[in-house]
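Numbering (this note's numbering), first residue to last: 297 to 703.
Beneath this line is the structure, given in structure tokens, with notes to follow.
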Ligand code: FAD
């Protein structure tokens, strides 16, 4: 018989958004009974993987134990969620346990669908095929960049939505920057294959990015979607309007296709696309008022980034507590997301924007103009943001993350 355990608040997923929300809840109300369901022993700072692929960080800098980031007052349930029944307010776990809740917060991330590209999984990490989207593979990107002195390097971007939409081109710019420094860039044909039709979704950042595309001599291919790889033959195939295009390569950096989290997608919480269906401002579920969702698993149409989760966590915390108390929800999420585009080693174009592509710079223009490459933005990413993540965001110190709508 299924055993049922009850917690006041159940948080599904102990990644960036889940831990930050727990910390924000406890900061507002110590003594809450919160359980976080998270099967993994490791906790990753994924934005650091671009820097690992660019030889700036070592991978170990981007990983800590899950135990070390788990707030002390929280019950950590080291299990995977298998399903949700929001009608009766329960969560089923892989070991057969059933959890009951007053409030559920879903923060289970999205799914990297490597299997959608034929032949990809078996060649990842060898034959010159890599991806910064995996902790264990990001160092291989840097290894390949160092090995490559001539030939052809391909960088791919799948259909949206993906987490950190800039990451596929960030990998390319940092590779080019290194090849330029070593004086071999002229001997390497660099191609960007993007399923979409624009270099970046918010036009204000495109001119600066185009300067780098020209400087590095990148061949831009829009409407070109990676569908098949033969690692041993060092050949990739792309679906385009004009049919399938075949390209040989010496190095291939892949950004995998991405989907809604599989457990969320299979549940009553999902919208048609497989994401937890929430109001884009309050983060409350559209059909189940005791459920909130944030981060990469949610339906909110913002740029799926850590920076977004940093802003969403306090909003989810404030509104979830209001729901628990039967009071009106006061906090609103404005769609803020950020993408530090590493255009060269030492400079970043810092894209920060909200819903509708409205620019939302954190700094006055005289201090940091996000639409232009700057050393200040590089210092922010390389030296400041990791520490903000580990020491502020995951600890309920809501630096520059005050919810819109709050006095
Ligand atoms: P995650 O942090 O992925 O956490 C989801 C958690 O849910 C995981 O711990 C997982 O184990 C758990 N989970 C999954 N399924 C289950 C289940 N069934 N049961 C229980 N738990 C489950 N963002 C930026 O802001 N700036 C950047 O520069 C940036 N660069 C990036 C570069 C790369 C290469 C990548 C991959 C990402 C980057 N991001 C960046 C995006 C950022 O890392 C994510 O948007 C952020 O981590 C989302 O947080 P999350 O909590 O929603 O998901």
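Note that the Cβ used here is the ideal one computed from N, Cα and C, for glycine as well.
Quick caveat, the model's predicted, so the values are computed rather than measured.
Contact annotation, residue 630 with residue 650: C-beta distance approximately 5 Å; criterion of less than 8 Å satisfied.
Rounded to whole angstroms, residue 393 and residue 315 show a C-alpha spacing of 22 Å. At least one heavy atom of the ligand FAD is found less than 6 Å from the C-beta of residue 345.
For residue 460, no beta strand (DSSP E) run applies, since DSSP gives it neither H nor E. Relative to the ligand FAD, the beta carbon of residue 361 is positioned no closer than 6 Å to any heavy atom. Within the DSSP secondary-structure output, residue 331 pairs in a beta bridge with 306 and 371. Residue nearest to residue 398 within the set 343, 303, 340 and 377 is 303 (criterion: CA-CA distance).
For residue 675, the CB stays at least 6 Å from every heavy atom of the ligand FAD. Counting along the chain, the unbroken beta strand (DSSP E) around residue 543 starts and ends at 539-544. Inclusion of residue 460 in the 6 Å shell around the ligand FAD follows from its C-beta lying nearer than that to a non-hydrogen atom of the ligand. Per the C-alpha coordinates, the member of 455, 472, 565 and 687 positioned closest to residue 447 is 472.
When the five nearest sequence neighbours on each side are left out, the beta carbons in the same chain lying within less than 6 Å of the beta carbon of residue 639 are those of 469, 508, 645 and 669, in order along the chain. Using a Cβ distance threshold of 7 Å, residue 655 and residue 380 do not count as a contacting pair.
When the five nearest sequence neighbours on each side are left out, the beta carbons in the same chain lying within less than 7 Å of the beta carbon of residue 556 are those of 406, 407, 566, 569, 570, 571 and 593, in order along the chain.
Close CB contacts of residue 361 within its chain, under the 8 Å cut and outside five residues either way in sequence, are with 337, 338 and 339 (chain order). Remark: C-beta atoms of residue 520 and residue 531 do not approach each other more closely than 7 Å. In the DSSP assignment, residue 422 falls outside any beta strand (DSSP E), carrying neither H nor E. Your pair residue 524 and residue 414 checks out as a contact, with CB atoms roughly 4 Å apart and the cut at 8 Å. The DSSP assignment places complete alpha helix (DSSP H) segments of no fewer than 4 residues inside the region 587-651 at 602-621, in order along the chain.
The Cβ atoms of residue 425 and residue 527 sit closer than 7 Å to each other. Taking 7 Å as the cut-off, the beta carbon of residue 375 is found closer than this to the beta carbon of residue 335.
Residue 588 and residue 371 have their C-alpha atoms spaced approximately 19 Å apart. Taken through DSSP and simplified to helix, strand or coil, residue 556 comes out as strand. At a threshold of 6 Å, residue 312 counts as near the ligand FAD, since its beta carbon sits closer than that to one of the ligand's heavy atoms.
Fully enclosed beta strand (DSSP E) runs of no fewer than 3 residues occupy 484-490 and 515-518 of the region 463-519, in order along the chain. Going by DSSP, residue 673 is part of the alpha helix (DSSP H) stretching over 671-675. Fewer than three beta-carbon pairs drawn from the region 571-586 and the region 599-606 are found closer than 8 Å, and the two stretches are therefore not classed as touching. Closer than 6 Å to some heavy atom of the ligand FAD: that describes the Cβ of residue 428. Contact annotation, residue 601 with residue 633: C-beta distance approximately 5 Å; criterion of less than 8 Å satisfied. Of all alpha-carbon atoms in 299, 300 and 319, the one lying nearest the alpha-carbon of residue 307 is that of 319. Distance from the CA atom of residue 475 to the CA atom of residue 493, rounded to whole angstroms, is 27 Å. In this structure, the straight-line span from the alpha carbon of residue 359 to that of residue 687 is close to 14 Å. Here residue 698 carries a coil assignment [DSSP, helix/strand/coil]. Beta bridge pairing from DSSP links residue 524 with 414 and 533. In the DSSP annotation of this structure, the continuous segment of the beta strand (DSSP E) that includes residue 361 starts and ends at 359-361.
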